[in-house]
Ligand SMILES: [Fe+2]
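In my numbering, the protein residues as written are 61 to 284.
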């Protein structure tokens, strides 16, 4: 069974809508809760986005997909996006602590192991979801940082714009990879196809969870 790319995009857009409907209002959060969201987001994104995109590159088999992913990776490395991410966190006084890192550890591990299976179509579906999500998440992240007293918005400014293109490119890459999968054998069932989307969504839930911030404040070792 072949699932049309337009249907995949529609499903992903619905998941992104669901994620946004679940976001707490920045002004309703405590300063520590806002700091925690920025810190956990940084703990995940700074060291993993290029890793995941590299996994996508290793997994895909078509030239159109490879060239789109390479363009993305070149921009990430050439413009030092991890450095941009770190500066954003530093300016908001939200560098990840050990507790922030551990709060996302389990679900980040699941995503890493999923990427390691190098399943081309599933990874490209996950990255398309992520690019679409990041682009829409940027105004929210910027507002959290602003409320924390930061004015360094380079990371959110750059990603609120450029990732619109990345999303479109990834859907074209997905189209090519799915066409190849059709030639090589049956494409995965819908539940399999969105495996990475589900894992990433759960990771994002841990990033935005207020209970992670509450754990931090109640942890005497961290307070010390
Ligand atoms: Fe980036």
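For glycine and all other residues, C-beta sits at the position ideal for the given N, C-alpha and C.
- DSSP places residue 201 in the uninterrupted alpha helix (DSSP H) bounded by 180-207.
- Annotated as distal: residue 120 and residue 232, with beta-carbon spacing of 8 Å or more.
- In this chain, the alpha helix (DSSP H) harbouring residue 69 covers 65-81.
- Restricting attention to 93, 122 and 135, the CA atom closest to the CA of residue 152 is found in 93.
- In this structure, ligand 1 has a non-hydrogen atom nearer than 7 Å to the beta-carbon of residue 136.
- With respect to the C-alpha of residue 177, the residue from 207, 106, 264 and 256 having the closest C-alpha is 256.
- About 7 Å separates the Cβ atoms of residue 109 and residue 136, confirming a contact at the 8 Å cut-off.
- In this structure the region 201-212 touches the region 147-166; the number of beta carbon pairs closer than 8 Å is three or more.
- Under the three-state reduction of DSSP output, residue 134 falls in the helix class.
- Pairing residue 83 with residue 74, the inter-Cα distance amounts to about 15 Å.
- Between ligand 1 and residue 189, a heavy atom-to-CB distance of less than 7 Å is absent.
- Here the distance from the Cβ of residue 109 to the nearest heavy atom of ligand 1 is below 7 Å.
- Residue state for residue 155 is assigned as coil, using DSSP reduced to three classes.
- For residue 140, there is no enclosing alpha helix (DSSP H), since its DSSP letter is neither H nor E.
- Excluding the 5 residues flanking it on each side, residue 203 has same chain C-beta neighbours closer than 7 Å at 86, in chain order.
- Here residue 259 is near residue 171, since their CB atoms are less than 8 Å apart.
- Look at residue 71: its beta carbon is at least 7 Å from all of the heavy atoms in ligand 1.
- At a Cβ-Cβ threshold of 8 Å, residue 214 and residue 144 count as neighbours.
- By the C-beta density criterion, residue 193 is buried, having at least 16 other C-beta atoms within 10 angstroms.
- Separation of the CB atoms of residue 101 and residue 201 is rounded to 7 Å, and the pair is thereby assigned contact status at 8 Å.
- Cα atoms of residue 252 and residue 190: separation of roughly 17 Å, rounded to the nearest angstrom.
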